Every structure is written in C-alpha cells, then in structure tokens.
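Asker: So the sequences go chain by chain: A and B.
Here my numbering is used: the first residue of the first sequence is 30, the next is one more, and so on.
Here my numbering is used: the first residue of the second sequence is 103, the next is one more, and so on.
For glycine and all other residues, C-beta sits at the position ideal for the given N, C-alpha and C.
Please read these numbers as outputs of a predicted model, since none were measured by experiment.
Have a look at this one before I ask anything.
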Amino acid sequence: MRAIVRTLLTLLFLTLLLRAQNLKEFEKKVTEFTLANGLHFIVLERHDAPVVSFHTYVNAGSVDDPGGKTGLAHMFEHMAFKGTRRIGTRDFASEQKAMAAVEAIYDQLEGERNLGVRADPERIRTLEASLHAAIGKAASYVDANAYVRIIEENGGVGMNAGTGMDSTNYFYSLPSNRIELWFLLESRRFLTPVFREFYKERDVVREERRMRVESSPQGKLMEVLLAMSFMAHPYRNMPGGWAEDIEGLRVRDAEKFFSAFYVPVNMTIAIAGDVLPAEAKRLAEKYFGLLPKAPPPAPVRTVEPKQEGERRGLVESPAQPTLIIGYKRPDQLHKDDPVFDVLASLLSSGRTGMLYRDLVRDRRIALAAAAEASFPATKYPNLFLLYAVPSVGHTVEENEKALYGVLERLKSEKVDPAALERVKTKIRAGLIRSLDSNSGLAGQLTYYHANYGDWRKLFTGIEDIQRVTGDDVQRVAREYFTPEARTVAWTARDAEVDK
Amino acid sequence: MRIRESVALACLVLAASLGAQREPSVEDLKYPPLKEIKIPEVATFTLSNGMRLYLLENHELPLVSGFALVRTGNLFDPPEKIGLAQITGSVMRTGGTEARTGDELDELLEGMAASVESSVGETSGRVSFSALKENTDQVLAVFKEVLASPQFRQDKLDLIKTQIRGSIARRNDEAGAIAGREFTELVYGKQTPYGWRIENEHLDRIGRDDLVAFYRRYYFPANILLAVSGDIDTAGMRARLEKLFGDWQVSQPPVPKFPEVVRRPSPGVYFAAKPDVTQAFFALGHFGGTLDDSDYAALEVMADILGGGFRSRLVQRVRTELGYAYDISAYWGADYGHPGLFTVSGSVRSASTTEALEVIRQEIEKMRTAEVADAELRAAKDAVLNSFVFNFDRPARTLTRLVTLDYYGYPRDFLFRYQKAVAAVTKADILRVAKERLRPEDFTIVAVGNAADFGKPLSALGSPIKEIELK
Chain A
30 MRAIVRTLLT LLFLTLLLRA QNLKEFEKKV TEFTLANGLH FIVLERHDAP VVSFHTYVNA
90 GSVDDPGGKT GLAHMFEHMA FKGTRRIGTR DFASEQKAMA AVEAIYDQLE GERNLGVRAD
150 PERIRTLEAS LHAAIGKAAS YVDANAYVRI IEENGGVGMN AGTGMDSTNY FYSLPSNRIE
210 LWFLLESRRF LTPVFREFYK ERDVVREERR MRVESSPQGK LMEVLLAMSF MAHPYRNMPG
270 GWAEDIEGLR VRDAEKFFSA FYVPVNMTIA IAGDVLPAEA KRLAEKYFGL LPKAPPPAPV
330 RTVEPKQEGE RRGLVESPAQ PTLIIGYKRP DQLHKDDPVF DVLASLLSSG RTGMLYRDLV
390 RDRRIALAAA AEASFPATKY PNLFLLYAVP SVGHTVEENE KALYGVLERL KSEKVDPAAL
450 ERVKTKIRAG LIRSLDSNSG LAGQLTYYHA NYGDWRKLFT GIEDIQRVTG DDVQRVAREY
510 FTPEARTVAW TARDAEVDK
Chain B
103 MRIRESVALA CLVLAASLGA QREPSVEDLK YPPLKEIKIP EVATFTLSNG MRLYLLENHE
163 LPLVSGFALV RTGNLFDPPE KIGLAQITGS VMRTGGTEAR TGDELDELLE GMAASVESSV
223 GETSGRVSFS ALKENTDQVL AVFKEVLASP QFRQDKLDLI KTQIRGSIAR RNDEAGAIAG
283 REFTELVYGK QTPYGWRIEN EHLDRIGRDD LVAFYRRYYF PANILLAVSG DIDTAGMRAR
343 LEKLFGDWQV SQPPVPKFPE VVRRPSPGVY FAAKPDVTQA FFALGHFGGT LDDSDYAALE
403 VMADILGGGF RSRLVQRVRT ELGYAYDISA YWGADYGHPG LFTVSGSVRS ASTTEALEVI
463 RQEIEKMRTA EVADAELRAA KDAVLNSFVF NFDRPARTLT RLVTLDYYGY PRDFLFRYQK
523 AVAAVTKADI LRVAKERLRP EDFTIVAVGN AADFGKPLSA LGSPIKEIEL K
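Following this line, the structure appears as structure tokens:
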C-alpha cells in the first residue's frame with residue numbers, strides 16, 4: 030500500500046513538472062495576431078520537416094441552420110470547394126448570367142409549386158424542363174473540381190472539411206514552399222464564394238444523408254436519440270439535415286448564411302509546421318485583409334427546457350441491438366465540465382474502465398460499453414452519453430440495468446483514488462502524445478481559441494482536470510445521472526418488438 | 103431584425119465590389135525550392151539471440167515507443183480452426199504473462215498511461231508498446247514478458263471468443279461492410295486462406311493448447327524484427343535490449359512461405375438483399391498485382407486518374423456531374439507478397455444503382471481505349487511527386503517503412519525508385535497497362551441493397567444475377 034502511495038506521489042510530481050514545461054516550451058513556438066477585420070491567426074512553428082498544416086475554424090455549424098432549412102451549414106461547406114471567380118470556370122461572365130437564369134426559373138417553379146392544389150401541373154413540367162436545361166447551360170462553363178485539383182496537384186494531403194453542430198472546419202497540409210497557395214485559395218473562397226453547381230451538389234449532400242443516416246442502423250439510432258432528447262434546441266437535428274429540407278435548399282439561402290456567419294471575427298485560423306510568423310502575417314494581411322469587417326453573429330437563443338421525465342424510444346431494425354442513453358448536462362464553460370471528462374474516462378478508458386470491466390470483461394453481456402463526456406457537441410447544454418452493444422444471447426434490458434448499476438456505484442461509493450489518478454495521468458499523457466501532429470495541433474489550437482478565448486486552454490484545461498476530486502465525481506454523478514434527465518434509445522428486431 | 107438584414111445586405115454589396123478586384127492567379131505564384139528533406143538515421147543491429155534491432159532517436163517529446171514484427175499471419179490458420187492466429191495474437195496480451203495476469207497488466211500499464219498491445223494480421227504479427235520516457239524500463243519489461251512468456255489464460259480466450267461470436271452475429275448489419283467482404287471472398291476464393299472467414303464452428307474447435315502451439319511455432323527471436331524510437335540514446339537502448347532479451351534463447355525451424363494466391367477469375371454480377379437501406383453499396387474489380395510489379399507506378403497513376411482523388415474521372419462523373427453518390431473511388435490493389443485487388447467501390451442512391459455501374463464500366467472502357475489527357479496525367483503525377491515530402495513528415499515513418507521493406511524483402515530505396523518511376527510514366531504507359539491489366543470480362547461485381555428500389559434492374563448489366571445469401 031505504501032508503495033502505491035509513493036508511486037502516486039512520484040507520478041503527481043512528475044506530471045506537474047511535465048505540464049509546466051510543456052506549456053512554457055510550447056508558448057515559445059506560438060505567435061498570434063488579429064487582422065484589422067477581426068480574423069484571428071495562430072501560428073505554431075515546427076521546422077523539423079518542410080511541411081505545413083492549415084486549419085480554418087468557422088464558429089458556425091448546423092445549430093445555425095434556419096428553420097426548415099436544416100443541412101444548410103453543411104451545404105455551404107460543400108460549396109466552399111467549388112472554386113472562385115477565376116478558379117473553376119471557363120468564362121465567369123457568361124457563367125454568372127447562366128447561374129442567374131437558373132435562379133430566375135427556379136423562382137418561377139417554386140412560385141407555381143407553392144400554389145399547392147391550385148398549381149398547374151403542365152406549367153410545373155415545363156418549368157422543370159427549363160430548369161434542367163438552365164442548369165445544364167450553367168454547367169457548360171464549369172471547369173469541374175478545379176479548386177481541389179489545384180490543391181491535390183500541388184501536393185496537398187489530408188484535404189477535407191467537416192460540418193458539426195457547433196462549427197465548420199476546413200483543413201489540409203501542403204509542402205511548406207507552397208504556403209502562399211493556401212493563402213490565395215483559402216482567402217478567395219471566403220471572400221467571393223461562387224455557388225456553382227449548387228443543385229447537383231445538393232444531390233450529393235442528399236446522398237451523404239442516405240449513406241450516413243438512412244442506410245446506417247447507428248445513424249438512425251443517433252437521429253432518434255437527438256430528436257427525443259432536445260425538444261427545442263437545434264441539437265435535435267443531425268448536422269446533415271432532414272431529407273426534404275435538403276431537397277429545398279436554394280442558392281440564396283446559402284448566400285445569406287455565408288454573409289451572416291462567415292465573417293472574419295467568427296473565424297479562427299491556425300497554421301502549424303515549417304512557417305515563419307512574420308511571413309504568415311504578411312501574407313495574411315495581403316490576402317485575408319480584404320475580407321470585410323462585419324459584426325459577430327448572434328448565438329442560438331433557444332434554451333432547451335428542463336427535461337421532466339425519462340424519454341424512451343425504439344428503432345425497429347433488422348440489425349443486431351444497440352443501446353444508447355443520454356443524460357442532460359451543461360455546456361463546456363460550466364464548472365462541472367472537467368468532472369464530466371473525468372467521469373467518461375473512469376467509465377470507459379482502456380481496459381480498466383468501469384463499463385468494460387463490468388459489462389464486457391466480467392459479465393460478458395456486452396461486446397462494447399463506453400461513455401462520451403459530450404454529445405452531440407459542447408457549446409450548448411448537451412448529453413453525457415452511454416452506450417452498450419449486447420453480446421450474443423444477451424439483451425438490451427440486461428445491459429441497461431447493468432449500466433445503471435455502474436452509475437449507482439459512482440453515486441454511492443467514493444471513487445477509487447488509484448483509478449482517479451490513473452485517468453488524470455492518461456488525459457495528460459494523451460495531450461503529450463498529440464503534440465507531434467501538425468494537422469491535429471492546428472485543429473486543437475483553433476478549437477480552444479474559438480471556444481475558450483485562448484489556445485492555452487489546451488494546456489490549462491489539464492490543470493482543471495487535475496483539480497477534480499473524488500467528492501466532485503460523486504456529487505456530479507448524483508446531480509446529473511437521474512432518471513428524469515435521461516433519454517434512452519435502442520434498436521431491436523421486429524420479432525422482439527412483438528413480444 | 104431589420105438592422106441585421108441591412109447589415110447582411112451591405113456585406114453582400116461590399117463583397118461584390120471586392121470581387122470585382124482582380125483575383126490573383128495561381129499560375130502567377132512563384133514557389134521557392136522545397137527545403138531538403140532530412141532523412142533520419144536508423145541504426146540497425148542484431149542481438150545475440152538473433153533478433154534484428156532498429157533504433158531511431160527522436161528527442162522532440164519525452165516519449166518512447168516500439169514494435170516487434172513477427173513472421174506469421176492468419177494465412178497460416180488451419181482450415182478447421184480459422185481465427186486461431188487472430189485469437190493467439192489477442193490473448194498473448196490479454197491472457198497475461200508468467201509474472202502477471204492480463205488484468206494486472208492493464209492496471210500497471212494504464213497507471214503509467216502506457217500501452218503494450220499484440221495482434222496478428224494477414225501476413226504479420228505485431229507486439230507494440232508506447233511509454234512516457236520515465237517509464238521506459240517498466241514498460242519494456244512488460245513488453246518482453248508479453249513477447250517471451252505469455253500464459254494464454256483461459257478466461258481471456260473465452261472472452262475473445264464471445265467478442266468474435268458477437269461480430270459474426272453483427273457482420274450483416276452494415277451494407278458497405280457486406281459488399282467489401284463478399285467481393286474480397288469471391289475474388290480470392292472462399293476456400294482459400296485469402297477468402298475464408300471465421301465461423302462459430304471454428305471457434306468451438308480452438309482451445310488453449312492450439313494458442314500455445316501457434317505461439318511456439320512463430321514467436322522466436324530469429325523470426326522477429328524489433329524497432330524502437332523516441333527519446334532514446336542509441337547505444338544505451340541497444341545495451342538495455344541486449345540485456346533484457348539476452349535470456350530469451352528459443353529457436354524453431356524457419357517459417358515457410360505464405361500460401362500462394364490462385365489467380366482464377368470469378369466473373370459475374372452478385373447481389374445481396376438488404377431491405378433497410380436507401381443506397382446500394384457496391385464493389386467491383388478483379389485481381390490487382392504486387393508492389394514489385396515493373397508496371398506498378400503506371401498502374402497506380404492509371405487508377406488514380408480513374409478514381410483516386412476528387413479530380414478523378416469517377417468522382418467527376420458519378421458524383422459531381424450525375425449526383426448519384428457521395429462516396430466513390432477506385433484503386434489499384436497491390437500488396438508486398440501477393441496480389442491485391444483492383445477495386446472500384448462506393449455507395450449510390452438505390453434508384454440509380456444499375457446506371458451507376460454502367461457508367462463505371464464505361465469509364466473503365468475509356469481508360470482501356472483512349473489515352474488520358476496531358477493535364478490529367480500531369481495532375482496525377484504532380485499529386486504524387488509534390489506530396490512525396492509527406493513520406494518524411496515524421497521520423498517514425500522512416501523507421502516503420504524501413505522495417506516493413508526489410509520484412510517483405512524489398513529494396514530499402516523502394517520509395518525513391520517509385521518516385522522515379524512515377525516521374526517517368528507516359529500517356530502510352532497508362533493506355534498500355536489499362537488495356538493489359540483491366541479486364542472487364544473478369545469483373546466480379548457485388549451489389550448490396552434494396553432491389554425493389556433499383557429502377558433499372560441489375561440484369562441490364564448483361565449477366566445473370568447470382569444471389570448471395572447473407573449468413
């Protein structure tokens with residue numbers, strides 16, 4: 030026992046030392062500047078290899094989709110790869126006219142359709158044919174996928190973007206002699222975006238929903254869990270949006286969304302790798318200085334009302350059963366945020382996690398069982414998530430009961446100090462292990478700047494976790510893991526439903 | 103409300119006027135030459151027990167990690183005990199060592215935020231570790247125990263069997279996984295080690311003795327390449343490992359070659375019914391080749407133009423122009439020791455399934471009958487050549503590459519030869535390899551989805567449909 034205490038103390042000392050060194054060392058390599066228009070840059074120098082990673086964090090996501098237009102933030106993200114007034118077109122002046130013609134015909138078509146039962150089917154057919162022809166005409170001016178081709182042929186790797194609930198992220202890496210190419214391409218797509226091939230890309234976005242949600246048992250289950258958990262807050266909608274909303278999106282919706290949310294003060298950019306800060310600043314001013322200053326957009330006003338009772342929902346599926354449970358929890362700025370991180374780690378980190386030990390290793394009723402501190406995102410009050418994948422011959426009911434049993438232990442017993450220390454050590458080591466990836470770091474730096482006002486939170490957040498006590502763990506478990514604050518969703522085969 | 107709108111409107115007007123400013127041209131950008139790539143120095147030794155050792159110093163972070171590469175693989179599974187290799191690899195670590203149970207290892211390692219893991223894949227076994235620098239000795243000790251004295255305790259054998267039975271029960275839940283699996287099994291042949299799969303009856307036949315025997319046959323020093331990198335001192339680490347592994351002196355006859363692939367095409371259109379999806383998931387193609395193929399570079403560039411990046415023909419047609427799919431890609435499958443699979447795969451909306459497959463066949467036919475455009479070839483080659491530096495963006499990549507090349511008996515400058523070969527690829531090369539190596543008459547086409555929604559039936563592809571019964 031004494032040996033264990035000594036080990037704990039040594040570990041504690043070592044990690045405190047390690048942490049202080051980390052931040053101090055790291056700070057020397059970071060330079061920050063804000064352009065006059067409000068756009069913030071974080072530059073991290075790592076000169077070991079002649080490569081550099083770029084990450085643009087836009088503080089707008091699917092929560093900002095207007096009513097009836099879910100999927101719009103995601104749709105805009107796709108449009109951001111369609112090029113500029115110069116890239117992606119064979120003749121921009123003609124293309125612009127052709128695109129305007131598409132919109133004019135589409136307006137007429139929508140007008141007719143909106144008449145509902147009084148609409149003239151013949152006129153709708155004619156307009157549909159004209160629309161199809163107009164889209165074809167506009168497409169004839171397009172040099173398709175030119176924007177991404179330029180990135181790829183210049184050696185760009187890891188190019189992609191993602192639309193989340195809270196944010197939209199654009200990222201890739203280049204050989205470091207081509208830094209200026211990124212400045213040109215990235216600034217232009219957010220200075221004068223061109224909504225070319227909008228309606229074809231809308232089909233692609235619709236396919237993405239079919240692939241990720243409609244054709245995936247897990248996707249369907251998540252969609253149901255969110256819709257049940259959130260009655261009012263937009264976390265109720267999957268970031269990809271609802272089918273018919275996507276099918277109705279228009280260019281003008283995307284334009285409005287762009288001008289409201291893609292404003293410099295609402296964006297953060299990180300550049301990590303073989304880059305000189307002075308050079309980055311010169312290029313930032315040259316290229317991004319052109320973005321017009323605009324006021325920051327308002328956050329989501331809607332506050333999810335307090336949940337007053339358990340909600341339960343079943344998804345019938347031929348797939349094998351899965352169970353997910355969400356407990357309401359506050360947002361990332363709440364004082365209990367680090368306690369939830371510790372809880373998630375206690376429950377499901379590695380082979381020592383409580384859920385793995387109990388449900389998977391000892392009782393063998395689950396193939397996997399784990400917890401997530403935050404779902405589906407972190408900026409607004411969200412869910413502490415638990416899930417279990419029953420093993421053959423074991424049921425969702427059995428697993429649900431076992432999950433609650435583990436949570437009850439967290440409420441009634443003091444957490445094992447060795448286990449608490451172990452998760453803290455792992456969280457710290459996880460940070461150290463993340464420090465050798467330019468692209469990973471660039472993403473992290475923008476996230477912490479945008480969400481906490483300072484990238485240093487990447488390091489100081491570890492101190493918050495260090496301060497979490499066994500009492501905190503017990504108090505938070507008791508306060509939040511209550512039946513009335515939970516939503517339970519599971520998949521089952523029809524046969525089991527009939528029972 | 104009104105104020106916000108007018109602000110938005112003002113922004114739009116402003117943006118429009120800014121857009122009128124001349125947009126700089128990408129072609130006008132001048133790039134300085136790329137700084138020289140620093141290729142880190144890997145030191146190689148042979149320990150006294152016959153293990154090959156590779157060491158690479160990297161002092162950026164206080165971390166040490168490594169892996170042992172073992173000549174074994176699930177290609178050596180006995181036909182009546184498929185899964186033995188995978189299970190042995192897993193229980194080597196979870197079943198604990200002479201000194202400690204698996205659960206004790208979990209506590210010990212996770213308490214140091216360290217890991218030791220073991221697995222066996224198709225053509226190699228791997229035991230790896232990762233440690234904070236100050237715990238290097240303790241973690242290395244566990245690493246050695248797992249490699250040299252695993253105990254394969256019964257409870258963890260039972261646990262992995264439960265896990266695998268679960269994955270067998272769930273293997274038909276996701277349509278994309280079904281398409282990939284059925285395609286692979288059909289092309290390699292379901293009766294060969296490359297195309298067979300684990301069933302419950304195999305698990306019933308696998309006992310602890312089988313694990314011990316499998317382990318004994320393959321895990322011995324002369325059959326292992328050991329690589330360690332991170333915040334280490336080469337001479338010191340070499341001495342530590344010599345001392346640590348010095349007493350591990352077991353030996354076995356050399357491991358035989360992996361079984362050969364029998365190249366027998368299995369052409370046809372195969373369909374598996376999956377009613378609960380709104381897309382059809384597909385995979386089609388035939389045997390690819392090996393990495394030491396003299397045409398490997400040309401084949402890679404050819405497949406890249408067909409379906410590699412966003413700029414590829416398939417993405418262009420099926421996704422961008424037709425809007426049928428979100429995900430579609432093609433690659434020339436090449437492996438080190440045996441032929442991989444040339445594969446076109448993706449998922450398309452159900453109603454356009456047959457049309458999409460027809461378009462894919464047309465695009466392949468175009469590759470076989472006409473030269474690619476200069477711009478396409480240049481873009482594909484530039485993509486490889488300009489991103490070449492990312493092969494060296496982390497020192498550990500050089501170490502892993504070197505060990506892998508040695509393991510498969512490839513020349514150590516393989517990557518640089520590939521770079522040269524890509525630079526030399528011509529349009530004529532592309533057309534020649536497409537003609538010679540893509541054989542539409544041999545295509546195995548697998549589609550998984552809801553046939554009721556297909557619109558045009560799959561039979562329009564011109565061959566009888568062979569139904570796959572999902573088990």
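How far does the alpha helix (DSSP H) with lysine 537 (chain B) in it extend, from its first residue to its last?
Answerer: Position 435 of the second sequence, counting from 1, holds the residue named residue 537 (chain B). Its alpha helix (DSSP H) spans residues 529-539.
Asker: Based on the DSSP secondary-structure assignment, which residues constitute the bridge partners of methionine 21 (chain A)?
Answerer: Residue coverage of chain A in this structure runs from 30 to 528, which leaves residue 21 (chain A) outside it and unanswerable.
Asker: Touch check for the stretch 462-482 of chain A and the stretch 441-452 of chain A: three-plus C-beta pairs under 8 Å?
Answerer: Taking 8 Å as the limit for Cβ pairs, the verdict is that the stretch 441-452 of chain A does not touch the stretch 462-482 of chain A.
Asker: Examine the ligand ATP and report whether any of its heavy atoms sits within less than 7 Å of the Cβ of leucine 540 (chain B).
Answerer: The ligand ATP is not among the ligands present in this structure, which contains no ligands whatsoever.
Asker: Provide the residue span of the beta strand (DSSP E) that contains proline 204 (chain A), from first to last.
Answerer: Position 175 of the first sequence, counted from the first residue, corresponds to residue 204 (chain A). Start and end: 197-204.
Asker: Locate the beta strand (DSSP E) running through glutamine 381 (chain B), then write down its first and last residues.
Answerer: To locate residue 381 (chain B), count along the second sequence from 1; it is residue 279. Counting along the chain, the beta strand (DSSP E) containing glutamine 381 (chain B) begins and ends at 381-389.
Asker: For a contact defined as C-beta to C-beta under 7 Å, what are the partners of lysine 455 (chain A) on chain B?
Answerer: Residue 455 (chain A) sits at position 426 when you count from the first residue of the first sequence. Ordered by position in chain B, the residues that pass the 7 Å Cβ test against lysine 455 (chain A) are Glu212, Ala215.
Asker: Locate the alpha helix (DSSP H) running through glycine 370 (chain B), then write down its first and last residues.
Answerer: Working through the second sequence from its first residue, we reach residue 370 (chain B) at position 268. Not the alpha helix (DSSP H): glycine 370 (chain B) falls in the beta strand (DSSP E), residues 370-375.
Asker: Measure from the C-beta of lysine 58 (chain A) to each C-beta in chain B and report whether the shortest distance is under 8 Å.
Answerer: Taking the first residue of the first sequence as 1, we reach residue 58 (chain A) at position 29. So, not an interface residue.
Asker: Along the stretch 145-160 of chain A, where does the CB come closer than 7 Å to a CB of chain B? Name the residues.
Answerer: Hits within the stretch: zero.
Asker: Could you give the distance in angstroms between the alpha-carbon of valine 239 (chain B) and the alpha-carbon of phenylalanine 245 (chain B)?
Answerer: Within the second sequence, numbered from 1, the residue matching residue 239 (chain B) stands at position 137. Within the second sequence, numbered from 1, the residue matching residue 245 (chain B) stands at position 143. The question names valine, but residue 239 (chain B) is aspartate in the sequence shown. When rounded, the distance between both Cα atoms is 10 Å.
Asker: In chain B, which residues lie with their C-beta within 7 Å of the C-beta of leucine 210 (chain A)?
Answerer: Sequence index remark: in the first sequence, residue 210 (chain A) carries index 181 (1-based). Val128, Leu131, listed in chain order.
Asker: Is asparagine 160 (chain B) helix, strand or coil by DSSP?
Answerer: If you number the second sequence from 1, residue 160 (chain B) lands on position 58. Coil.
Asker: State buried or exposed for isoleucine 300 (chain B), treating a residue as buried only when at least 16 other CB atoms are found within 10 Å of its CB.
Answerer: In the second sequence, the residue the question calls residue 300 (chain B) occupies position 198. Buried: at least 16 other Cβ atoms inside 10 Å.
Asker: When you compare only the Cα positions, how much space is there between glutamate 129 (chain B) and tyrosine 317 (chain B)?
Answerer: In the second sequence, the residue the question calls residue 129 (chain B) occupies position 27. In the second sequence, the residue the question calls residue 317 (chain B) occupies position 215. So the two alpha carbons sit approximately 59 Å from each other.
Asker: Tell me, please, whether the CB atom of methionine 267 (chain A) is closer than 8 Å to any CB atom in chain B?
Answerer: Position 238 of the first sequence holds residue 267 (chain A). Judged by the 8 Å Cβ criterion, methionine 267 (chain A) is not in contact with chain B.
Asker: List, in chain order, every chain A residue whose beta-carbon is nearer than 7 Å to that of alanine 271 (chain B).
Answerer: Taking the first residue of the second sequence as position 1, residue 271 (chain B) is located at position 169. Those within 7 Å of alanine 271 (chain B) in chain A are Gln349, Val421.
Asker: Pop quiz: asparagine 160 (chain B) and glycine 332 (chain B) are said to be a contact at Cβ under 8 Å. What is the actual Cβ separation, rounded to whole angstroms?
Answerer: Taking the first residue of the second sequence as 1, we reach residue 160 (chain B) at position 58. Taking the first residue of the second sequence as 1, we reach residue 332 (chain B) at position 230. Asparagine 160 (chain B) to glycine 332 (chain B), Cβ: 6 Å. Contact.
Asker: Can you tell me whether glutamine 464 (chain B) is buried or exposed? The criterion is at least 16 other CB atoms within 10 Å of its CB, across all chains shown.
Answerer: Taking the first residue of the second sequence as 1, we reach residue 464 (chain B) at position 362. Its Cβ having fewer than 16 others within 10 Å, glutamine 464 (chain B) is exposed.
Asker: Taking all protein chains shown into account, decide if glutamine 188 (chain B) is buried (16 or more other Cβ within 10 angstroms of its Cβ) or exposed.
Answerer: Position 86 of the second sequence, counted from the start, is the residue given in the question as residue 188 (chain B). Counting Cβ neighbours within 10 Å, glutamine 188 (chain B) comes out buried, since at least 16 surround it.
Asker: Report the neighbours of glutamine 188 (chain B) on chain A: residues whose CB is nearer than 8 Å to its CB, in chain order.
Answerer: As a working mapping, residue 188 (chain B) is identified with position 86 in the second sequence. Result: empty, since nearest Cβ-Cβ is about 15 Å, beyond 8 Å.
Asker: Where does serine 456 (chain B) fall in DSSP's three states?
Answerer: Locating residue 456 (chain B) in the second sequence gives position 354, where the first residue counts as 1. Note that residue 456 (chain B) is threonine in the sequence shown, not serine. Three-state DSSP puts threonine 456 (chain B) in a helix.
Asker: Find the nearest neighbour of histidine 262 (chain A) within the set A:Glu508, A:Ala521, A:Pro95, judged by alpha-carbon distance.
Answerer: Here the question's residue 262 (chain A) lines up with position 233 in the first sequence. Ranking A:Glu508, A:Ala521, A:Pro95 by Cα distance to histidine 262 (chain A) puts A:Pro95 first.
Asker: Looking at aspartate 195 (chain A) and threonine 407 (chain A), is the spacing between their C-beta atoms short of 8 Å?
Answerer: In the first sequence, counting from the first residue as 1, residue 407 (chain A) sits at position 378. In the first sequence, counting from the first residue as 1, residue 195 (chain A) sits at position 166. Yes. Within cutoff.
Asker: Is there contact between the stretch 449-458 of chain A and the stretch 318-333 of chain A, where contact requires at least three CB pairs shorter than 8 Å?
Answerer: Because the criterion of three Cβ pairs below 8 Å is not met, the stretch 449-458 of chain A and the stretch 318-333 of chain A do not touch.
Asker: Kindly indicate which three-state DSSP category lysine 453 (chain A) falls into: helix, strand or coil?
Answerer: Mapped onto the first sequence, residue 453 (chain A) falls at position 424. Note: lysine 453 (chain A) maps to helix in three-state DSSP.
Asker: Let me see if you follow: with CB-CB separation under 8 Å, is tyrosine 433 (chain B) close to chain A or not?
Answerer: Residue 433 (chain B) sits at position 331 when you count from the first residue of the second sequence. Chain A contact via Cβ: absent.
Asker: The stretch 365-388 of chain B: which residues have C-beta closer than 8 Å to a C-beta of chain A, in chain order?
Answerer: Listed by position, the residues of the stretch 365-388 of chain B near chain A (Cβ gap below 8 Å) are Pro377, Asp378, Val379, Thr380, Gln381, Phe383.
Asker: In whole angstroms, what is the alpha-carbon distance linking arginine 310 (chain B) and leucine 171 (chain B)?
Answerer: Here the question's residue 310 (chain B) lines up with position 208 in the second sequence. Here the question's residue 171 (chain B) lines up with position 69 in the second sequence. Roughly 23 Å between the two C-alpha positions.
Asker: From the DSSP output, in three-state form, read off alanine 127 (chain A) for me.
Answerer: One-based indexing of the first sequence puts residue 127 (chain A) at position 98. Alanine 127 (chain A): helix per DSSP, three-state reduction.
Asker: What does a CB cutoff of less than 7 Å around lysine 558 (chain B) pick up in its chain, not counting 5 residues either side in sequence?
Answerer: Walking along the second sequence from the start, residue 558 (chain B) turns up at place 456. Result list for lysine 558 (chain B): Thr456, Glu457, in chain order.
Asker: Is it true that the CB of valine 177 (chain A) sits closer than 8 Å to the CB of arginine 413 (chain B)?
Answerer: As a first step, residue 413 (chain B) is located in the second sequence; it is residue number 311 there, counting from the start. As a first step, residue 177 (chain A) is located in the first sequence; it is residue number 148 there, counting from the start. It is a contact, given that the beta carbons lie within the stated cut-off.
Asker: Does DSSP put arginine 358 (chain A) in a helix, in a strand, or in coil?
Answerer: The sequence position of residue 358 (chain A) within the first sequence is 329, counting from 1. In this structure, arginine 358 (chain A) counts as strand in the three-state DSSP scheme.
Asker: Using a beta-carbon distance below 8 Å, is alanine 32 (chain A) in contact with chain B?
Answerer: Locating residue 32 (chain A) in the first sequence gives position 3, counting from the first residue. With a pLDDT of 39 at alanine 32 (chain A), under the threshold of 50, the modelled position of that residue is not reliable, and no figure is offered here.
Asker: Whole-angstrom Cβ separation of aspartate 370 (chain A) and isoleucine 494 (chain A), contact assumed at under 8 Å?
Answerer: The count along the first sequence starts at 1 and reaches residue 370 (chain A) at position 341. The count along the first sequence starts at 1 and reaches residue 494 (chain A) at position 465. Contact flag correct, Cβ pair sits at about 6 Å.
Asker: Any idea which residues DSSP pairs valine 418 (chain A) with across the strands?
Answerer: In the first sequence, counting from the first residue as 1, residue 418 (chain A) sits at position 389. DSSP lists A:Ala397 as partners of valine 418 (chain A).
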